[in-house]
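Just so you know, the protein sequences line up as chains C and A, in that order. Taking the numbering used here, the leading residue of the first sequence gets 2, the next gets one more, and so forth. Taking the numbering used here, the leading residue of the second sequence gets 2, the next gets one more, and so forth.
Number of protein chains: 2
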Amino acid sequence: MNNNAIGVFDSGLGGLTCVRELNRLLPAEDIVYFGDTARIPYGTRSRKTVMSYAAQDAAFIKRHNVKIIIAACGTVSSVAAEDESFAGDTLFTGVVLPAARAACAATKNGKIGVIGTSATVRTGAYEKAVRSICPGFEVIGVACPLFVPLVENGFAVPGDPVTALVADRYLAPLKSAGVDVLILGCTHYPLMEDAIRSCVGGDVALISSGAEAAKYACTLLTSLKMLNGSEGGGTNTYYTSDSARMFAESASLYLGGEVNGKVIKVSLEELTRFQA
Amino acid sequence: MNNNAIGVFDSGLGGLTCVRELNRLLPAEDIVYFGDTARIPYGTRSRKTVMSYAAQDAAFIKRHNVKIIIAACGTVSSVAAEDESFAGDTLFTGVVLPAARAACAATKNGKIGVIGTSATVRTGAYEKAVRSICPGFEVIGVACPLFVPLVENGFAVPGDPVTALVADRYLAPLKSAGVDVLILGCTHYPLMEDAIRSCVGGDVALISSGAEAAKYACTLLTSLKMLNGSEGGGTNTYYTSDSARMFAESASLYLGGEVNGKVIKVSLEELTRFQA
């Protein structure tokens with residue numbers, strides 16, 4: 002039994018798709034979340050900058066005595082896939098391996114599609130993860146850099162023609178390749194599910210990388226007997242590097258309901274002091 | 002005569018549309034440019050965060066003994082319109098007033114459109130600037146938050162149907178209002194000129210805020226007898242907070258030619274030490 006919180010961080014709000022699943026699976030757990038909204042997006046930045054931001058984010062989360070850190074960010078998870086030193090000796094997971102395992106279990110024809118930010122796709126991290134599990138599987142990765150701006154600027158409304166057109170263009174190579182599983186390799190993408198589903202059709206299984214990371218954390222904490230033993234529900238606490246009001250206004254979209262916890266602003270000056 | 006450099010900063014690469022015009026008008030001047038590519042975009046962030054980034058950017062530029070600072074960023078110029086304290090006693094201009102003056106001179110029917118980031122339009126800075134010059138003019142401001150991501154992700158190609166669709170949607174209220182001048186209130190937007198032009202038609206005058214700021218700086222330095230007296234051409238030096246390679250790869254698109262100077266990375270740690 003371990004009553005410390007579960008720590009989750011992301012470049013912004015996308016990681017809340019992981020928190021939503023954690024709340025569903027593990028309602029007794031306390032969650033500490035950090036979303037780096039003053040420096041989002043990470044997916045268009047260099048490897049060095051992403052690593053530096055991720056190290057600061059993880060160090061900030063660690064100060065809250067968490068029992069596990071989840072990098073609920075496709076970009077951080079991909080770029081840091083072979084270098085998770087910033088988590089130190091705290092239990093850690095990104096979203097890449099959990100999503101790759103789920104995709105390998107779901108595919109029937111061995112053809113798996115992956116969509117993510119430019120930085121994510123450039124690393125080939127999802128492909129490597131899938132091949133480490135099932136070496137014979139084919140993996141097709143496509144960068145969809147406009148998906149996050151579409152979500153953040155109100156274009157991810159079912160039936161929006163702009164979003165449909167962008168989705169059609171990005172996803173065409175995956176349709177031609179005949180993938181039967183598609184990994185949403187960025188935690189923002191579940192909000193684009195309607196457009197993605199309309200484009201790829203009903204027979205392709207969509208894997209939410211944030212939700213899979215939550216399921217994996219649940220399995221890990223259960224098997225290590227590290228679940229929270231308290232009676233009653235856990236509390237969520239959200240930290241953000243830009244305006245708390247702006248975070249709270251948008252968060253319900255990702256959480257699928259009211260923002261269920263305090264939202265606290267942490268300044269970048271404070272954040273950079275937490276370097277691992 | 003003053004042989005110090007002209008300092009220019011922006012959230013990223015958009016300010017290079019101002020540098021391009023400075024190079025054309027004042028080929029003898031040295032230019033020091035800073036693009037905050039590790040923290041771009043500014044236009045979706047809170048006022049407080051934008052002011053804090055702008056203060057650091059300006060303080061960094063000031064260390065290079067510049068004779069004038071140009072905030073070649075629509076967001077910074079709008080948000081800081083009534084608080085330019087971060088420039089200290091150095092000569093300073095943003096893009097708002099120069100663009101507003103040009104728009105007032107160009108309009109025949111007194112109906113001026115302004116497009117910019119969400120932060121820019123929220124401030125109403127362009128409207129206030131126009132009305133301070135010509136109180137009777139009508140100003141219609143529209144936020145176009147997807148334009149910068151479209152430019153940065155390769156969608157600003159003449160004839161691209163996604164870009165045309167987005168431009169049509171954003172610009173529809175300006176067409177209905179019958180504006181005869183449109184201020185491109187974000188220094189990225191000249192790269193969207195084809196799509197904007199196709200949408201609004203040939204009779205609407207487009208005002209590039211970056212180019213207008215360059216023209217204003219030229220007028221100011223000339224009238225104050227602060228132009229560079231050296232023989233021969235000036236040098237451009239570009240500083241960027243993310244990868245120098247990535248900056249150099251994209252910069253030619255904004256400069257309309259080869260990157261004509263050294264590109265040097267400055268770390269965020271170094272940048273935040275330069276707080277005004």
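Every residue, glycine too, gets a C-beta built ideally from N, C-alpha and C.
Could you work out which residues of chain A lie near C:Arg40, taking near to mean beta carbons separated by less than 7 Å? Listed along chain A are Arg40, each with a C-beta nearer than 7 Å to that of C:Arg40.
Please tell me whether C:Lys176 has its Cβ less than 9 Å away from any Cβ of chain A. Taking CB atoms only, C:Lys176 has no neighbour in chain A less than 9 Å away.
With A:Ala206 as the anchor, note down where its beta strand (DSSP E) starts and where it stops. 206-209 is the extent of the beta strand (DSSP E) around A:Ala206.
Give me the chain A residues within the contact set of C:Phe156, using Cβ-Cβ distance strictly less than 8 Å, ordered along the chain. Under the 8 Å cutoff, chain A gives Leu147.
Closer than 8 Å, Cβ to any Cβ of chain C: which residues of the segment 20-50 of chain A, in chain order? Answer set for the segment 20-50 of chain A: Thr38, Ala39, Arg40, Thr45, Arg46, Ser47, Lys49, Thr50.
Nearest residue (CA-CA) to A:Leu256, options A:Leu14, A:Leu269, A:Ser78: Looking at the Cα atoms, A:Leu14 is the closest of the given residues.
Going by C-alpha to C-alpha distance, which of A:Glu213, A:Lys263, A:Asp243, A:Gly117 sits closest to A:Ala107? Of the candidates A:Glu213, A:Lys263, A:Asp243, A:Gly117, the residue whose Cα lies closest to the Cα of A:Ala107 is A:Glu213.
A:Tyr240 vs A:Gly36 beta-carbon contact at 9 Å: Result yes, Cβ atoms of A:Tyr240 and A:Gly36 sit closer than 9 Å.
DSSP on A:Asn5, reduced to helix/strand/coil? DSSP, read as helix, strand or coil, puts A:Asn5 in coil.
What residues in the segment 259-275 of chain C have a beta carbon less than 8 Å from any beta carbon of chain E? Although the question refers to chain E, the structure presented lacks it and instead comprises the protein chains C and A.
Using the C-alpha atoms, what's the distance from A:Ile197 back to A:Leu147? Straight-line Cα distance between these residues: approximately 13 Å.
Three-state secondary structure assigned by DSSP to C:Thr50: C:Thr50: helix per DSSP, three-state reduction.
Answer yes if the segment 120-132 of chain A comes into contact with the segment 44-51 of chain A, meaning at least three C-beta pairs across the two stretches below 8 Å, and no otherwise. Yes, the segment 44-51 of chain A is in contact with the segment 120-132 of chain A.
Name, please, each residue of chain C whose Cβ falls closer than 9 Å to the Cβ of A:Met247. Listed along chain C, the residues sitting closer than 9 Å to A:Met247 by beta-carbon distance are Thr45, Arg46, Ser47.
Less than 9 Å between the C-beta atoms of C:Ala72 and C:Asp11, yes or no? In this structure, C:Asp11 lies closer than 9 Å to C:Ala72 by Cβ.
Would a C-beta distance cut-off of 9 Å place C:Gly186 and C:Ile116 closer than the cut-off? Going by C-beta atoms, C:Gly186 is nearer than 9 Å to C:Ile116.
Under 9 Å Cβ-Cβ, which residues of chain C neighbour A:Val143? Those do not exist, as A:Val143 stays about 13 Å from chain C at its closest Cβ, beyond 9 Å.
For C:Leu1, the first and last residue of its enclosing alpha helix (DSSP H): As displayed, chain C neither begins before 2 nor continues past 277, which places residue 1 of chain C out of reach and without an answer.
Scan the segment 203-228 of chain C for residues whose Cβ lies nearer than 7 Å to a Cβ of chain A and list them as they occur along the chain. Within the segment 203-228 of chain C, no residue has a Cβ that lies closer than 7 Å to any Cβ of chain A.
Please tell me whether A:Pro159 has its Cβ less than 9 Å away from any Cβ of chain C. Interface criterion not met: the Cβ of A:Pro159 is under 9 Å from no Cβ in chain C.
Assuming A:Val205 contacts A:Leu183 under a Cβ cut-off of 8 Å, what Cβ separation, rounded to an integer in Å, is found between them? The C-beta separation of A:Val205 from A:Leu183 comes to about 5 Å, placing the pair in contact by the 8 Å criterion.
Are the C-beta of A:Asp11 and some C-beta of chain C separated by less than 9 Å? Among the residues facing chain C, A:Asp11 is not included, as its CB has no counterpart in that chain under 9 Å away.
Touching by the beta-carbon criterion (3+ pairs, under 8 Å), the segment 127-141 of chain C and the segment 93-102 of chain C: Pairwise C-beta distances place the segment 127-141 of chain C in contact with the segment 93-102 of chain C, as three or more of them are shorter than 8 Å.
Selection of the segment 162-191 of chain C by Cβ proximity to chain A, strictly under 8 Å: Contact residues of the segment 162-191 of chain C toward chain A are Pro162, Val163, Leu166, Val167, Arg170 (C-beta to C-beta distance below 8 Å).
Report yes if the CB atom of A:Leu17 is closer than 9 Å to the CB atom of A:Ile7, and no otherwise. In this structure, the beta-carbon distance from A:Leu17 to A:Ile7 does not fall below 9 Å.
Compute the distance between the beta-carbons of A:Ser242 and A:Val260, then report whether it is under 9 Å. No, they are not a contact pair.
I want to see whether chain C comes within less than 9 Å of A:Glu232, judged by CB atoms only; does it? Chain C contact via Cβ: absent.
Report the residue ranges of all alpha helix (DSSP H) runs contained in full by the segment 177-204 of chain C; include only those spanning at least 4 residues, in chain order. Fully enclosed alpha helix (DSSP H) runs of 4 or longer: 194-201.
Sub-9 Å separation of A:Arg274 and C:Ala39 beta-carbons: Against a cut-off of 9 Å, the Cβ pair of C:Ala39 and A:Arg274 comes out as no contact.
Among residues of its own chain, excluding the 5 on either side of A:Ser86, which ones have a beta-carbon nearer than 7 Å to its beta-carbon? So the list is empty, once near-sequence residues are dropped.
Apart from the five residues on each side of it in sequence, which residues of its chain come closer than 7 Å, Cβ to Cβ, to A:Asp58? If we look at A:Asp58 and ignore the five residues flanking it on each side, its Cβ neighbours are Phe10, Phe35, Asp37.
My guess is that C:Asn66 and C:Asn229 are in contact by the Cβ rule of under 8 Å, so how many angstroms apart are they, rounded? C:Asn66 to C:Asn229, Cβ: 13 Å. No contact.
Helix, strand or coil at A:Tyr127 [DSSP, three-state]: In the structure shown, A:Tyr127 sits in a helix (DSSP, three-state: H, G or I).
In three-state terms, what does DSSP make of C:Leu92? Strand at C:Leu92.
Could you tell me which of A:Asp181, A:Ile134, A:Val149, A:Val180 sits nearest to A:Val167, measuring between CA atoms? Taking A:Val167 as reference, the option from A:Asp181, A:Ile134, A:Val149, A:Val180 with the minimal CA-CA separation is A:Val149.
Mind listing the chain C neighbours of A:Asp195? Cutoff is C-beta to C-beta under 7 Å, in chain order. Within 7 Å Cβ-Cβ: nothing; A:Asp195 doesn't reach chain C, min ~18 Å.
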